[in-house]
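Residue numbers (the numbering used here): 6 to 420. All remarks here apply to the structure that follows.
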Amino acid sequence: MKVIVVGKGGREHAIVTALVESDSASEVFCYPGSDAILEMAKSLSGEINDVESLVKSMVDEGIDLCVGGEESWLAMGLADKARQAGIPTWGPVQFSSQLEASKEFAKEFMVRHNIPTGGYDSAEDYESAKSAITSYPTVLKFDGLAAGKGVAICFNESEAESFLDEVFIQKRFGDGRILIEEYLEGPEVSVIAAVADGEYQIFTPARDYKRLSDGDKGLNTGGMGAVASRSLISGELLDQIEDEVIRPSVEGLTKDNMDFRGFLYAGLMLTPDGPKLLEYNCRFGDPEAQAVLPLIKGDFAAYLMSAAKGNLMDGLIDFDKGWSICLVLASAGYPSSSRSGDVINGLDLVDGVRVYHAGTEKNNDGQYVTNGGRVLAVVGHGETRETALECSYTESEKISFDGNQRRSDIGRLHF
Ligand code: AMP
Ligand code: GLY
6 MKVIVVGKGG REHAIVTALV ESDSASEVFC YPGSDAILEM AKSLSGEIND
56 VESLVKSMVD EGIDLCVGGE ESWLAMGLAD KARQAGIPTW GPVQFSSQLE
106 ASKEFAKEFM VRHNIPTGGY DSAEDYESAK SAITSYPTVL KFDGLAAGKG
156 VAICFNESEA ESFLDEVFIQ KRFGDGRILI EEYLEGPEVS VIAAVADGEY
206 QIFTPARDYK RLSDGDKGLN TGGMGAVASR SLISGELLDQ IEDEVIRPSV
256 EGLTKDNMDF RGFLYAGLML TPDGPKLLEY NCRFGDPEAQ AVLPLIKGDF
306 AAYLMSAAKG NLMDGLIDFD KGWSICLVLA SAGYPSSSRS GDVINGLDLV
356 DGVRVYHAGT EKNNDGQYVT NGGRVLAVVG HGETRETALE CSYTESEKIS
406 FDGNQRRSDI GRLHF
């Protein structure tokens, strides 16, 4: 079986690795990939500049299964076009991917299907957004894909005005509406399910550490690490999340005639009033994938192939009962900026962990250097949280580059 993964970051490196390790994937491709990913996956030939030309190259190569990693391709209709060309695709069609691409579409879906979420209003201009804010803190969200930058938690009027100015005056994210959401508090958990035509399977729950610094302080980032384990939350809580969020979401897709074959990611906040859904994503989380996928046992490629054809065969995979801890190493200046070209040392010294590349490239001397904000994810495994912590921290310390930033409390902060 020839499989292609579409994307280029740490999540795609983890997906490609899981597929390469599967018995039934004889050849794994990645587009656009990265230098590190293309050490284990093949690149696609042909001139590719949009979804159509990507799908054409996939057909020319005889690809059997397409796996959508990055949301932007799915939102542009990757699944629709690949499926029309006869390639089973894991990742939802364009219409259904609005659950991620439009926050208003997602909120309306949640309300329609009685899925617990915070209250909200929406507005299409500065003045109506301003008058829709009734108290502080308030959460303002641009209604479109904004690479994680379109959300502002505003504690006072001047913070709200400055975000509204970015959205409506500077048009930093382009044209679009805004959501004004009730501010919720509590720990966050990510529950990701594989969904195919009304069937689902819940993967190992994870927690993403979004803030830059220890103690959940500092700026919001794309994720400074993640922890995953079946024991991360209690069985009762996971059952509650399944009953109140996952199953109603999957049933809602069926009721609304929304074609969905792919990962459905529920970003939840565990509030004192119970779990509430903050957002859906239509693909695996990053960096949750880097923590969760190493826990999978079985033939992941056969599983995705069957699910992409509409037949979710949950017996094809199983999940390790232990813990996985993913530590992100970020470059100087991240998240406000990033620094490229810093030589990464020690990659060959680590042992017993997985190292996924998110923002690296090879320089002319063949050395890996930084090439982006989040650079690497070092993932350790253990039967217990303590052994996983020991393994990931000890090994990650062997890797260094100038200006690197990392947290020292990933997996230590518990619910
Ligand atoms: P989103 O892209 O919608 O998941 O938002 C990104 C992050 O903003 C979430 O992971 C939360 O940390 C925070 N956030 C989003 N919505 C809310 C909310 N209603 N109340 C408090 N924090 C929120
Ligand atoms: N970890 C959050 C996301 O992938 O959107």
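Quick reminder that beta carbons are idealized off the backbone N, C-alpha and C, glycines included.
I'd like the span of the beta strand (DSSP E) that includes residue 330, first residue to last.
328-335
Assigned exposure category for residue 160 - 16 Cβ within 10 Å defines buried
exposed
Answer with buried or exposed for residue 259, where buried requires no fewer than 16 other C-beta atoms within 10 angstroms of its C-beta.
exposed
Classification of residue 282 by the beta-carbon crowding that lies within 10 angstroms, buried from 16 upward
buried
Supposed close pair residue 70, residue 310 - CB separation, criterion 8 Å
5 Å
Helix, strand or coil: which one does DSSP assign to residue 418?
coil
My guess is that residue 293 and residue 213 are in contact by the Cβ rule of under 8 Å, so how many angstroms apart are they, rounded?
6 Å
Taking C-beta to C-beta, are residue 74 and residue 25 nearer than 8 Å?
no
Identify which residue in 269, 42, 198, 398 has its Cα closest to the Cα of residue 428.
Any property of residue 428 remains undetermined from this structure, which presents the chain solely from 6 to 420.
Euclidean distance between Cα positions of residue 322 and residue 182
For residue 322 and residue 182, the distance between alpha carbons rounds to 41 Å.
For the segment 108-118 against the segment 322-334, do three or more pairs of beta-carbon atoms, one drawn from each stretch, fall closer than 8 Å, so that the two count as touching?
no
Per DSSP, residue 201 forms a beta bridge with which residues?
Beta-bridge partners of residue 201 (DSSP): 204, 266.
Can you tell which of 13, 19, 29, 63 has its C-alpha closest to the C-alpha of residue 39?
13
Is any heavy atom of the ligand AMP found at a distance shorter than 7 Å from the C-beta of residue 215?
Yes, Cβ of residue 215 sits closer than 7 Å to a heavy atom of the ligand AMP.
On a CA-only basis, which of 389, 167, 277, 245 is nearest residue 416? Give me that one, please.
389
Check whether the Cβ atoms of residue 266 and residue 313 lie closer than 8 Å to each other.
yes
Are residue 456 and residue 306 close, meaning C-beta to C-beta below 8 Å?
One cannot answer for residue 456 here, as it falls past the ends of the chain, which runs 6 to 420.
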